[in-house]
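Presented below is the structure to which this report refers.
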Amino acid sequence: KIAEAMNHPKTTLKNDENKKKLKDALEWLHKNAYGKDPDKKVADLKTNFSKSAPQKNTNLNWWDYEIGTPKSLTNTLILLNGDISSDEKKKYTAPIKTFAPKSDEILSSVGKAEPAKGGNLVDIAKVKLLESIIEEDKDMTKNSIDSFNKVFTYVQSNSTGKERNGFYKDGSYIDHQDVPYTGAYGVVLLEGISQMMPMIKETPFKETSQNDTILKSWIDDGFMPLIYKGEMMDLSRGRAISRENETSHSASVTVMKSLLRLSDAMD
Numbered sequence: 025k026i027a028e029a030m031n032h033p034k035t036t037l038k039n040d041e042n043k044k045k046l047k048d049a050l051e052w053l054h055k056n057a058y059g060k061d062p063d064k065k066v067a068d069l070k071t072n073f074s075k076s077a078p079q080k081n082t083n084l085n086w087w088d089y090e091i092g093t094p095k096s097l098t099n100t101l102i103l104l105n106g107d108i109s110s111d112e113k114k115k116y117t118a119p120i121k122t123f124a125p126k127s128d129e130i131l132s133s134v135g136k137a138e139p140a141k142g143g144n145l146v147d148i149a150k151v152k153l154l155e156s157i158i159e160e161d162k163d164m165t166k167n168s169i170d171s172f173n174k175v176f177t178y179v180q181s182n183s184t185g186k187e188r189n190g191f192y193k194d195g196s197y198i199d200h201q202d203v204p205y206t207g208a209y210g211v212v213l214l215e216g217i218s219q220m221m222p223m224i225k226e227t228p229f230k231e232t233s234q235n236d237t238i239l240k241s242w243i244d245d246g247f248m249p250l251i252y253k254g255e256m257m258d259l260s261r262g263r264a265i266s267r268e269n270e271t272s273h274s275a276s277v278t279v280m281k282s283l284l285r286l287s288d289a290m291d
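Using the working numbering, the letters of the sequence shown map in sequence onto residues 25 to 291.
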């Protein structure tokens with residue numbers, strides 16, 4: 025949030041004091057948490073993943089290491105840009121390669137790598153895309169965009185298990201194999217797409233026009249029918265209805281903000 029505030033066009037907060045706060049925070053995170061002996065952390069994550077729920081350490085969640093932390097980290101480094109050296113940036117992004125080596129897989133950190141789907145695929149592809157921009161790695165950029173493009177597919181009617189997750193041709197969005205989740209995981213998916221497409225548009229590796237056609241059908245058939253009087257219907261939000269800071273209203277606002285971003289990125 026400090027980095028965002030410092031980059032506002034009319035900010036008065038871009039000063040040495042706030043730059044130091046950010047640099048100190050990045051260094052602390054690297055030395056004491058995310059960058060501290062990542063190989064040992066992977067071993068701990070694997071052990072914890074195999075435990076049953078009551079014995080699990082909630083501070084050792086694969087999502088935090090593969091998506092949550094690297095998303096915030098790469099966003100901050102991008103915003104800092106010229107205020108931090110290239111070597112420092114690469115030092116801070118190095119652990120991502122241990123926890124999330126591929127742009128189309130999740131659960132790598134717990135030794136159970138599997139193809140990422142839906143919102144998770146967009147999230148992990150975004151992490152690797154930002155990492156590639158920070159490190160100026162064109163091959164990683166292309167791989168990240170290729171992975172992102174995989175999200176624009178429909179689930180086949182005969183799919184089983186986790187292959188059932190995603191959008192169906194009737195506009196339904198399913199996650200966790202059998203839960204209607206357009207208003208939660210689907211919203212995360214749409215928001216991620218709306219953040220990715222403007223960035224991809226500025227690269228030599230533009231997405232295909234077919235993506236636009238599929239995305240428009242998701243919006244028209246999947247999202248819009250579930251928004252009524254400015255609220256996303258709870259029947260599509262799954263466990264998100266229990267989260268105090270994620271209301272049916274905020275979910276619909278996220279959809280609207282995503283559509284505004286996409287209006288400049290889609291043909």
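Glycine included, each C-beta is placed from N, C-alpha and C at the ideal position.
Those residues which DSSP pairs with residue i across a bridge
| i | result |
| --- | --- |
| Pro94 | According to DSSP, which records beta bridges pairwise, Pro94 is partnered with nothing at all. |
| Glu129 | Pro139 |
| Pro204 | Ile198 |
| Tyr252 | Glu255 |
| Phe191 | Tyr197 |
Supposed close pair residue i, residue j - CB separation, criterion 8 Å
| i | j | result |
| --- | --- | --- |
| Ile251 | Val146 | Not a contact, Cβ separation roughly 21 Å. |
| Asp128 | Lys174 | 6 Å |
| Asp236 | Met290 | 5 Å |
| Leu50 | Tyr116 | 6 Å |
| Gly207 | Met256 | 4 Å |
| Glu90 | Ser156 | At roughly 16 Å, the Cβ-Cβ gap does not stay under 8 Å, so Glu90 and Ser156 are not in contact. |
| Leu239 | Phe172 | Not a contact, Cβ separation roughly 12 Å. |
| Lys47 | Ile108 | 7 Å |
| Gln201 | Asn189 | 7 Å |
| Leu283 | Ile243 | 7 Å |
| Ser260 | Tyr205 | 7 Å |
Rounded C-alpha distance that separates residue i from residue j
| i | j | result |
| --- | --- | --- |
| Tyr192 | Gln180 | 8 Å |
| Pro94 | Ser241 | 31 Å |
| Ile224 | Gly92 | 21 Å |
| Tyr197 | Val203 | 8 Å |
| Pro33 | Lys80 | 45 Å |
| Leu97 | Leu103 | 10 Å |
| Leu286 | Tyr178 | 20 Å |
| Val227 | Thr165 | Checking the displayed sequence, the identity of residue 227 turns out to be Thr instead of Val. Distance between the alpha carbons of Thr227 and Thr165 is about 9 Å. |
| Thr36 | Gln234 | 43 Å |
| Asp170 | Thr122 | 21 Å |
| Ile26 | Lys75 | 37 Å |
| Glu270 | Gln219 | 20 Å |
| Lys253 | Thr278 | 15 Å |
| Ser276 | Phe229 | 31 Å |
| Met30 | Asn99 | 13 Å |
| Glu41 | Asp111 | 22 Å |
| Lys44 | Lys38 | 11 Å |
| Phe73 | Asn105 | 36 Å |
| Ser272 | Arg263 | 12 Å |
| Leu53 | Lys64 | 16 Å |
| Met268 | Asp288 | With the sequence shown as reference, residue 268 is identified as Glu, and Met is not the correct amino acid for it. Straight-line Cα distance between these residues: approximately 32 Å. |
| Ala77 | Gly135 | 18 Å |
| Glu28 | Lys150 | 18 Å |
| Phe247 | Lys281 | 13 Å |
| Asp88 | Asn56 | 15 Å |
| Thr82 | Glu187 | 27 Å |
| Glu160 | Val66 | 26 Å |
Same chain, Cβ closer than 7 Å to residue i, neighbours up to 5 away in sequence not counted
| i | result |
| --- | --- |
| Leu131 | Trp86, Ala137 and Glu138 |
| Ala140 | Asp128, Glu129, Ile130 and Ile148 |
| Asp68 | Leu84 |
| Val212 | Gly143 |
| Ile265 | Asp258 |
| Ser126 | The residue asked about is misnamed: residue 126 is Lys in this sequence, not Ser. If we look at Lys126 and ignore the five residues flanking it on each side, its Cβ neighbours are Ser132. |
| Asp199 | Gly142, Asn189, Tyr205 and Tyr209 |
| Pro222 | Arg285, Asp288 and Ala289 |
Spatial neighbours of residue i in its chain, beta-carbon cut-off 6 Å, leaving aside the 5 residues before and after
| i | result |
| --- | --- |
| Leu101 | Lys113 and Ile158 |
| Pro62 | Pro119 and Thr122 |
| Leu153 | Ser168 |
| Gly210 | Tyr197 |
| Gly59 | Pro119 |
Residue i beta carbon near the ligand NAD (any heavy atom closer than 7 Å)
| i | result |
| --- | --- |
| Leu131 | Judged by which ligands are present, the structure shown has none, so any question about the ligand NAD falls away. |
Beta-carbon proximity list for residue i, same chain, < 8 Å, skipping 5 on both sides
| i | result |
| --- | --- |
| Asp194 | Asp245 |
| Pro249 | Gly195 |
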